[in-house]
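Residue 841 in my numbering is what sits at position 244 of the sequence shown, and the numbering runs on without skipping anything.
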Amino acid sequence: MDKFRVEVLRSTPNPQQTIWSAMHQDYCEDFVWEQRDNFPDEKKAGELVVKHLLAGGRGHYGPIEHPQIVFNVGYFPHSLMQQIRTHRVGISFDVQCLSGETAIALINSQTGEHYTKKIQTLYEIWTTDPHALDNANFVVFNENQQQFTTGYLQSVTCSGVQQLYRIHLDGHPPLDCTPKHRLYTTTGWQTMSQAVGLEVSQDNQNTTVEMTKTCQVWARNENNEPMAIAVTAVEFLSQGVTYDIEMQGDWHNFLANDIVVHNSFRYTGQRIADVAEGKRDVEDVFYLRPVGKYDNRQGKNIFIPKPSATKTKSGALPPASGTNNESTKASPKNMPEV
Numbered sequence: 598m599d600k601f602r603v604e605v606l607r608s609t610p611n612p613q614q615t616i617w618s619a620m621h622q623d624y625c626e627d628f629v630w631e632q633r634d635n636f637p638d639e640k641k642a643g644e645l646v647v648k649h650l651l652a653g654g655r656g657h658y659g660p661i662e663h664p665q666i667v668f669n670v671g672y673f674p675h676s677l678m679q680q681i682r683t684h685r686v687g688i689s690f691d692v693q694c695l696s697g698e699t700a701i702a703l704i705n706s707q708t709g710e711h712y713t714k715k716i717q718t719l720y721e722i723w724t725t726d727p728h729a730l731d732n733a734n735f736v737v738f739n740e741n742q743q744q745f746t747t748g749y750l751q752s753v754t755c756s757g758v759q760q761l762y763r764i765h766l767d768g769h770p771p772l773d774c775t776p777k778h779r780l781y782t783t784t785g786w787q788t789m790s791q792a793v794g795l796e797v798s799q800d801n802q803n804t805t806v807e808m809t810k811t812c813q814v815w816a817r818n819e820n821n822e823p824m825a826i827a828v829t830a831v832e833f834l835s836q837g838v839t840y841d842i843e844m845q846g847d848w849h850n851f852l853a854n855d856i857v858v859h860n861s862f863r864y865t866g867q868r869i870a871d872v873a874e875g876k877r878d879v880e881d882v883f884y885l886r887p888v889g890k891y892d893n894r895q896g897k898n899i900f901i902p903k904p905s906a907t908k909t910k911s912g913a914l915p916p917a918s919g920t921n922n923e924s925t926k927a928s929p930k931n932m933p934e935v
C-alpha cells in the first residue's frame, strides 16, 4: 500500500460561499447572483451556514450538496471500492464493467462442448451459492502461448448502475461495456475509451459519441482460434446495471461475447491474510500498477513491452514476454482444463 495515492482533479472554489448563496436563495426574493459582489467572505459564509442551517435544526440540508470534489485514486485493493460502493452517500465513480446480457464463454468438462451463460445469470448463481461454480471451466486466453485455455472463477461482482456503450465489430456481435473496461487490443491491454479514442459530448438530452482512433481487438473465431477484429463504431446506450468477473490463476481475463476482456479484482480476506502470512506476494494480491505511463497489461510487477501488432503467417498472435509459468502447449481445439 506504499503506492496508494490520492490527488484532487477538481473542486468547488469557495465551497462555503456556494452553500451560503444556495441557502440565501431559498429565502431571498431577489436573484442572488446579482448580489454576488456583496457575498460574505468564505470564513463568514461558513459561520452563517452553521448558525442558520446546521445549528438551526431546520432539516433543510439541500444547499450542502452543491460543492463538489473529484479525486483521482489509485493503487488500492479492489475491496476498498467494494466498501465505497456498498456504503456510499453522495458519491459517484467509474469502474470497468459489462452489461448483464453479456455472454460468457465456458466449456463442459465432460463433453468438451462450448456454451455460454449471461454474466447476470452467473452473478445470480454466485450470490445464491458461491461454490456452485467451483468446477465450471471458463475460457481464458493464455497470453504467453497465444492460445485459449480454461480457468476457474474467483468471483462475480455486481458493480451497480453505470453508463453503457456499445462497440460494434466487423463481422462479429457487438459488446456492451463501460468506457473503463479493458480490452485486449493488437497493441496490448487498453480501456475501451483509450482503445477507440472515445470522445463524448452532450447537447440538451442528446449524447454524441465520436470514435477518434482505429482499433482492433482479439476475439475467438469459430475454430477456437484467436483473430483480430476491427472496431467499426461506438454508440452510447443508456445507464444499466453492470457486472464483472474475477478469474483465478495466471490469466486474469475471460471471453465476453467471444472478445478477450480483462477482469476486475475483488480481494477476499483470505488472499489478504495470505500476504500477511507470506504465502502470496503483496503486488500479486493487490495488483498494483507501476507509476508512470504504462500502456500494456497493468498490474504486473515486471516490465512487459508492447507486443507487435503483426500477425504471423499461421494467424496466431505474436509472442509476448512475461514471467507467468507456461503450461504444456496443446491444440486450441482440445483445451486443457486448469
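Backbone N, C-alpha and C define an ideal beta-carbon position, used for all residues, glycine too. Because the structure is a prediction, the values reported are computed rather than measured.
For the alpha helix (DSSP H) that residue i lies in, which residues bound it at each end?
i, result
"Thr718", "Ile716 to Thr725"
"Glu662", "First-last for Glu662: undefined, no H or E at that position."
"Ala619", "Pro612 to Tyr624"
"Leu645", "Glu639 to Val646"
"Val737", "Val737 -> not in any alpha helix (DSSP H); beta strand (DSSP E) instead, spanning Asn734 to Asn739."
"Ser790", "Met789 to Val793"
Buried or exposed: which applies to residue i, given that a residue is buried once 16 or more other Cβ atoms fall within 10 Å of its Cβ?
i, result
"Arg607", "exposed"
"Arg785", "Note on identity: in this sequence residue 785 is Gly, with Arg being the wrong assignment. Buried, because 16 or more other Cβ atoms sit within 10 Å of the Cβ of Gly785."
"Asn931", "In this prediction, Asn931 scores a pLDDT of 42, lower than 50, which makes its location untrustworthy; no coordinate-derived value is stated."
"Trp630", "exposed"
"Thr788", "buried"
"Pro776", "buried"
"Val647", "exposed"
"Tyr624", "exposed"
"Phe851", "buried"
To which residues of the same chain is residue i closer than 6 Å at the C-beta, ignoring the five residues directly before and after it?
i, result
"Val838", "Gly697 and Val758"
"Tyr749", "Gln845"
Let me make sure I understand the geometry here. Which of the options has the alpha-carbon closest to that of residue i?
i, options, result
"Leu795", "His778, Pro660 and Asn801", "His778"
"Ile842", "Pro771, Leu719, Ile826 and Asn803", "Leu719"
"Gly659", "Ser618, Asp767, Asp634 and Val670", "Ser618"
"Gln802", "His649, Phe833 and Gln707", "Phe833"
"Ile704", "Asp800, Val831 and Asn734", "Asn734"
"Thr747", "Asp731, Thr829, Gln665 and Val806", "Asp731"
Bridge partners for residue i per DSSP, in chain order?
i, result
"Pro770", "Answer by DSSP bridge pairing: none, since Pro770 is not bridged."
"Arg779", "Thr788"
"Ser696", "Thr839"
"Gly757", "Thr839"
For residue i, collect the residues of the same chain with a Cβ closer than 7 Å to its Cβ; drop the 5 residues on either side in sequence, then sort them by chain order.
i, result
"Ile661", "Ile616"
"Thr725", "none"
"Glu639", "Asn611, Gln613 and Gln614"
Return yes when at least one heavy atom of the ligand SAM lies under 7 Å from the C-beta of residue i, else no.
i, result
"Pro776", "With respect to the ligand SAM, the structure offers nothing, as it holds no ligand at all."
If you drop the 5 nearest sequence neighbours on each side, which residues of the same chain put their C-beta closer than 8 Å to that of residue i?
i, result
"Met824", "Trp815, Ala816, Arg817, Asn818 and Gly912"
"Phe668", "Val603, Glu604, Val605 and Leu606"
"Pro771", "Arg763, Ile764, His765 and Asn854"
Give the range of the beta strand (DSSP E) segment to which residue i is assigned.
i, result
"Asn821", "Premise fails: Asn821 is in no beta strand (DSSP E) and is neither H nor E."
"Ala853", "Asn850 to Ala853"
"Trp815", "Gln813 to Arg817"
"Leu606", "Arg602 to Ser608"
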